[in-house]
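Protein chains in written order, with the numbering used here: chain A, 154 to 399; chain B, 154 to 399. Heads up, the beta-carbon is just placed ideally off N, CA and C, and yes, glycines get one too. Remarks on the structure that follows.
Number of protein chains: 2
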Amino acid sequence: MANSNHTNHGTNIKTLSTIQTEVKSINRIALSVDCVIFGFDENKLKVLLIRSDLKKFQGKWSLLGDLVDPTEELDSAANRILKQRTGLDDVYLEQVKTFGCLDRHPAGRVVTVAYYSLINIQHHKLKILDNELHWHDVNDITELAFDHKQILDSSYEQLQRRVQEHPLAFSLLPKKFSLRELQNVYEAILDTKMDRRNFRKKFFAMDFLVDIDQMEQDVPHRPGKLYNFNYNKYEKKKKKWVGIDF
Amino acid sequence: MANSNHTNHGTNIKTLSTIQTEVKSINRIALSVDCVIFGFDENKLKVLLIRSDLKKFQGKWSLLGDLVDPTEELDSAANRILKQRTGLDDVYLEQVKTFGCLDRHPAGRVVTVAYYSLINIQHHKLKILDNELHWHDVNDITELAFDHKQILDSSYEQLQRRVQEHPLAFSLLPKKFSLRELQNVYEAILDTKMDRRNFRKKFFAMDFLVDIDQMEQDVPHRPGKLYNFNYNKYEKKKKKWVGIDF
DNA sequence: AAAATAATGTGTTTAAATTACACATTAAAT
DNA sequence: ATTTAATGTGTAATTTAAACACATTATTTT
Numbered sequence: 154m155a156n157s158n159h160t161n162h163g164t165n166i167k168t169l170s171t172i173q174t175e176v177k178s179i180n181r182i183a184l185s186v187d188c189v190i191f192g193f194d195e196n197k198l199k200v201l202l203i204r205s206d207l208k209k210f211q212g213k214w215s216l217l218g219d220l221v222d223p224t225e226e227l228d229s230a231a232n233r234i235l236k237q238r239t240g241l242d243d244v245y246l247e248q249v250k251t252f253g254c255l256d257r258h259p260a261g262r263v264v265t266v267a268y269y270s271l272i273n274i275q276h277h278k279l280k281i282l283d284n285e286l287h288w289h290d291v292n293d294i295t296e297l298a299f300d301h302k303q304i305l306d307s308s309y310e311q312l313q314r315r316v317q318e319h320p321l322a323f324s325l326l327p328k329k330f331s332l333r334e335l336q337n338v339y340e341a342i343l344d345t346k347m348d349r350r351n352f353r354k355k356f357f358a359m360d361f362l363v364d365i366d367q368m369e370q371d372v373p374h375r376p377g378k379l380y381n382f383n384y385n386k387y388e389k390k391k392k393k394w395v396g397i398d399f
Numbered sequence: 154m155a156n157s158n159h160t161n162h163g164t165n166i167k168t169l170s171t172i173q174t175e176v177k178s179i180n181r182i183a184l185s186v187d188c189v190i191f192g193f194d195e196n197k198l199k200v201l202l203i204r205s206d207l208k209k210f211q212g213k214w215s216l217l218g219d220l221v222d223p224t225e226e227l228d229s230a231a232n233r234i235l236k237q238r239t240g241l242d243d244v245y246l247e248q249v250k251t252f253g254c255l256d257r258h259p260a261g262r263v264v265t266v267a268y269y270s271l272i273n274i275q276h277h278k279l280k281i282l283d284n285e286l287h288w289h290d291v292n293d294i295t296e297l298a299f300d301h302k303q304i305l306d307s308s309y310e311q312l313q314r315r316v317q318e319h320p321l322a323f324s325l326l327p328k329k330f331s332l333r334e335l336q337n338v339y340e341a342i343l344d345t346k347m348d349r350r351n352f353r354k355k356f357f358a359m360d361f362l363v364d365i366d367q368m369e370q371d372v373p374h375r376p377g378k379l380y381n382f383n384y385n386k387y388e389k390k391k392k393k394w395v396g397i398d399f
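What follows is the structure, given as structure tokens:
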């Protein structure tokens, strides 16, 4: 933003650049961050929700969010919420979109910046326990408090797009995973079935999987081999793609 | 956002749901919208910039933006800026990302929601004239006021991604266009050269171009045929794609 | 008026990527 | 020892993308 104040098309345009000291209090707006926390369990894509305790949304579930402090970075606010709710640091976090409908919050104008994050459910299973937090199947959610269903939908769509072009799926899995687990993640996120042979072929061709020479443990069937994802190699080789298709 | 106030991991979490009436003034933040206005001229991708009149950024160029009024929708603010600066309604507009670095604005904490828009330069050429607005080659920009270079880069990257999967390019062209012009747009945005025959084949195969049985006028060479893009047909047939590639 | 110019317009061949598809192997469970 | 249920692997067919050259048309130049 920020510019000169010209008269243009008969409209007097005053902008931030004319404000030399501070933005007037009357122009300020409450800002929040909402986190769509995705997990993967029982071959389903899950999202972590909390019961709303607002009267207006009694009994409804909502995303995890909080106001942004004026001295706090947006990403820091998102990370703070994740740490508070899951106990996890260093989770995959990506901004999705900002939602600012005038009537989206009963407390008045609250603009919210949506993030989604991908976590490994096993890593924090112990930390939910009590309270009103629960994992929900993404595909079973029909209604949420506020405009959170809309935020969830946008986030899920962005996840579906991004997971096809970036190595996100691994953030939902343990460091060691079998190809079957990996395929299950993709099938859950993209809501589709894939051919096992072609799936394996594709990933082996990419050459980012490291055979760590270990097998699955405690599975009720023939154990599969375990792999790591080599992020360093990916960072070096990742492709810039060009193609038109719609 | 919005939830209960639990004690969790030793941290007392108070959130919006505890605020029944209104968010405290002290928690509010100035919010702006910045528009990256893309155009296409002389076979180059252009962006509309204005000279900053902030002392701190004297002589520097900046994006077009303004504060969001607390009673104004985010999209409305973006449309208002576009209308003010270009005189255009109904332009293609897409939210990119929200930038909120603590020190991004000298006037204090100002969080800005970035949008990019695609307009046909010819349609409003008359309206810039005076004032400090100018079109700049996207690829020649090395520095901008505020964090606007970063905003431009993010917007340009998003445009490059989206233009490959959605029919955005047509928003930069007149309703009637030749295949050569269309290819020039893609080559400018993606910064690449394409084979003319394969390009035409691809678009004819998509079957969204309507031959309007007219030829280019006043071109200093053999005129090409003119086409429309059939948005209705596209909306009906657009594909949901599934594939993994990174 | 004729020749030169500079762009449009079109098909085929080759290579690469994706899809479809079936059977042997291994460890666990019975 | 047998059954079960998953892992693990290769090839052929199809589709998609890439490479590539020449005739055509309107304009411009001579």
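Asked	Found
Does the beta carbon of A:D306 come closer than 8 Å to any beta carbon on chain B?	no
So A:V372 contacts chain B; which residues on that side make the cut at Cβ distance below 9 Å?	Simply none; closest approach about 24 Å.
Quick one: is B:K392 buried, meaning 16 or more other Cβ sit within 10 Å of its Cβ, or exposed?	exposed
Counting only beta-carbon separations shorter than 8 Å, does B:E175 have a partner in chain A?	yes
If we ignore side chains and look at the alpha-carbon of each, how far apart do B:E334 and B:K302 end up?	28 Å
In angstroms, rounded to a whole number, what distance separates the CA positions of A:D364 and A:E195?	24 Å
Whether or not the region 258-275 of chain A and the region 306-325 of chain A are in contact is what I'm after, with contact meaning three or more pairs of Cβ atoms, one per stretch, closer than 8 Å; do they touch?	yes
Within 10 Å of its beta-carbon, does A:R349 have 16 or more other beta-carbons around it, so buried, or fewer, so exposed?	exposed
Hey, does A:D398 have any beta-carbon neighbour from chain B nearer than 8 Å?	yes
Quick check: what's the CA-CA separation for B:K386 versus B:D360?	9 Å
Between the Cα of A:S185 and the Cα atoms of B:V264, B:I294, B:E247, which residue gives the shortest distance?	B:V264
Is the CB of A:N385 under 8 Å away from at least one CB in chain B?	no
Run through DSSP, which three-state label would A:Q248 get?	strand
Alpha carbon to alpha carbon, how far is B:N383 from B:L255?	45 Å
What residues in its chain sit with their C-beta under 7 Å from that of A:R204, if we drop five residues either side in the sequence?	W214, E285
Report the neighbours of B:L227 on chain A: residues whose CB is nearer than 9 Å to its CB, in chain order.	T251, F252, G253, C254, V264
Pull the bridge partners of A:T295 from the DSSP assignment, please.	None; A:T295 has no bridge partner.
So that I know if they touch, is there some Cβ in chain B lying closer than 8 Å to that of A:I105?	Nothing about residue 105 of chain A can be read from this structure; chain A reaches only from 154 to 399.
Kindly list, in the order they appear in chain A, the residues whose Cβ is closer than 7 Å to that of B:H277.	Per Cβ cutoff of 7 Å: no residues; B:H277 is ~11 Å from chain A at best.
Please classify A:D371 as buried or exposed, where buried requires at least 16 other C-beta atoms within 10 Å of its C-beta.	exposed
Who does B:R375 pair with in a DSSP beta bridge?	DSSP output for B:R375 lists no bridge partner at all.
How far does the beta strand (DSSP E) with A:K197 in it reach, from first residue to last?	197-204
Under the three-state reduction of DSSP, which class applies to A:A322: helix, strand or coil?	helix
Could you give the first and the last residue of the continuous beta strand (DSSP E) run that contains A:T239?	No beta strand (DSSP E) contains A:T239, which is instead part of the alpha helix (DSSP H) from 227-239.
Run through the DSSP bridge pairs and tell me what A:I190 is partnered with.	A:S270
One question on the structure: do B:L305 and B:L312 come within less than 8 Å of each other, judged by their Cβ atoms?	no
By the criterion of Cβ-Cβ separation under 8 Å, what are the contact partners of A:N232 in chain B?	Neighbours of A:N232 on chain B: none; closest Cβ ~13 Å, over 8 Å.
Only counting the same chain, and skipping five residues up and downstream in sequence, which positions put a Cβ closer than 7 Å to that of B:L241?	L235, I272, H276, H277
Suppose contacts are defined by Cβ-Cβ distances below 8 Å. Is B:A358 in contact with B:R262 by that definition?	no
Taking all protein chains shown into account, decide if B:I190 is buried (16 or more other Cβ within 10 angstroms of its Cβ) or exposed.	buried
Looking at A:S331: is its Cβ nearer than 8 Å to the Cβ of A:E388?	no
Just the Cα atoms here: how many angstroms apart are B:M347 and B:E247?	27 Å
Out of curiosity, what's the CA-to-CA distance linking B:R315 and A:K250?	15 Å
Have a look at the DSSP bridge pairing and note the partners of A:R181.	B:A183
Please classify A:V395 as buried or exposed, where buried requires at least 16 neighbouring CB atoms within 10 angstroms.	exposed
Since B:I304 is in the alpha helix (DSSP H), which residue starts that stretch and which ends it?	301-316
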